[in-house]
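This note's numbering applies: residue 900 is where the sequence shown begins, and numbers increase by one. All residues carry an ideal CB built from backbone N, CA and C; glycine is no exception. Right, one structure below, let's go through it.
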Amino acid sequence: MDTAWSQPPLALLKRYHLGNELGKGGHGFALSAVDRLTGQHCAVKFIYKSKIPITGWVTLCLQEGSAPAVLDCVHVPMEIYVLQQIQHPNVIKLLNVYQDDYFYYLVTEAHGINWSSGTHHHYHSPVMPPAPADHPPIPTQSPSPPIEILPPPPPVLKKEGAHDLFECIEHHGHFSEALSKHVFTQILDALLHLKSRNIYHRDIKDENILIDDHFQVKLIDFGSAVGVQRNKQTWLSQFHGTLSFAAPEILKGLLYEPEPAEAWSLGVLLYTMLYGQVPFSNPLQVIHGQCHTSSIDSSKSCLHLINSLFRKYPKHRPTLEKIRAHPWLGP
900 MDTAWSQPPL
910 ALLKRYHLGN
920 ELGKGGHGFA
930 LSAVDRLTGQ
940 HCAVKFIYKS
950 KIPITGWVTL
960 CLQEGSAPAV
970 LDCVHVPMEI
980 YVLQQIQHPN
990 VIKLLNVYQD
1000 DYFYYLVTEA
1010 HGINWSSGTH
1020 HHYHSPVMPP
1030 APADHPPIPT
1040 QSPSPPIEIL
1050 PPPPPVLKKE
1060 GAHDLFECIE
1070 HHGHFSEALS
1080 KHVFTQILDA
1090 LLHLKSRNIY
1100 HRDIKDENIL
1110 IDDHFQVKLI
1120 DFGSAVGVQR
1130 NKQTWLSQFH
1140 GTLSFAAPEI
1150 LKGLLYEPEP
1160 AEAWSLGVLL
1170 YTMLYGQVPF
1180 SNPLQVIHGQ
1190 CHTSSIDSSK
1200 SCLHLINSLF
1210 RKYPKHRPTL
1220 EKIRAHPWLG
1230 P
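Right, dumping it as structure tokens:
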């Protein structure tokens, strides 16, 4: 085991017993943990400081003392900034934050069960080209990140079963309309709350949604989120989400607005829950709107919603509020 990695901040180790790997991504990995004081199960996400893109930082400036011109400014990763701002039953709760030269350590509540055991009905994400390196800035972004320090590689960890919606869908094959509606509504309510705080997630996918045995969900992974100015049209030029959930305008390299792109991702998510497969196999099918057909029957109202989310032109897609008011979702 790498000595540098194996010594996270002493305060973290005193408070939490670290367990198995829950998952990993391009910017870090997550471990299960137990709070030594309360016995509460939680998760610790390790974020490599060196892998946070320039646009993944927010600068927070506070007045220092009584001098109005003196500001004390700090750099904060977008994910920490968002989780500190958001309190919602369908968004993962941030419990603690630690850091050292290599990592930010985000301690969050634990949620979900191990869906990866038992019978699986496999579906696979399509093969997509690599995503662009960075996503666009937000109004309060830092002009430059803190000094880059290359972290040591982590050790090989025992993998714990995934607790996310991807594994849940694989476990069940696909969801009924009633269950899809139940899960979809929770995700949509979380996104509406984010929108009310001028934030868009920008990486909506099944692997970023934790789900338990009562099918209650919590949204995670806000590293690609973007902040916007209220009542001002926002055009973005870069994308840092997952291309298999990306809208046609993103794949074509056009300027795009975050809300219509979010609506498209919701369409991919809903389709995947209902039919147990992704709607598009490659970027050309997305751009040309060539959605796969399914042998599973759906109600006309459900199909109407899916078709509205997959409208080719962003201006023709419904807003998050209009999605929530769609007849298929009820009152």
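- Between Cys972 and the set Gln939, Glu978, Trp956, Gln983, the nearest pair of CA atoms involves Trp956.
- In this chain, Leu1228 is not harboured by any beta strand (DSSP E), its DSSP state being neither H nor E.
- DSSP places Cys1201 in the helix class (H, G or I) of the three-state scheme.
- Cβ-Cβ distances below 7 Å link Ala910 to Tyr997 in the same chain, with the five nearest sequence neighbours on each side left out; the list follows chain order.
- Taking 7 Å as the cut-off, the Cβ atoms of His1191 and Ala1089 do not count as close.
- Residue range 927-934 is occupied by the beta strand (DSSP E) that includes Ser931.
- Per the DSSP secondary-structure output, Thr937 pairs with nothing in a beta bridge.
- Judged by beta-carbon spacing, Gly1152 lies beyond the 7 Å limit of Asp1102, meaning their Cβ atoms are not closer than that value.
- Tyr1004 and Pro907 do touch by the CB rule: their CB atoms are close to 6 Å apart, below 8 Å.
- Per DSSP, Lys1211 lies in no alpha helix (DSSP H) and is assigned neither H nor E.
- Within the DSSP secondary-structure output, Tyr1174 pairs in no beta bridge.
- Beta-carbon to beta-carbon, Leu1204 and Lys1094 are separated by about 18 Å, too far to satisfy the 8 Å threshold.
- Listed in chain order, the non-local C-beta contacts of Leu917 below 6 Å within the same chain comprise Leu930, Ala932, local neighbours out to five positions each way being set aside.
- Counting C-beta pairs closer than 8 Å gives three or more between the segment 1115-1126 and the segment 1069-1089, which meets the contact rule.
- Take Tyr1174, set aside five residues on each side of it, and the residues of its chain with a beta-carbon closer than 6 Å to its own are His1073, Ser1193, Ile1195, in chain order.
- Collapsing the DSSP output to three states places Val1116 in a strand.
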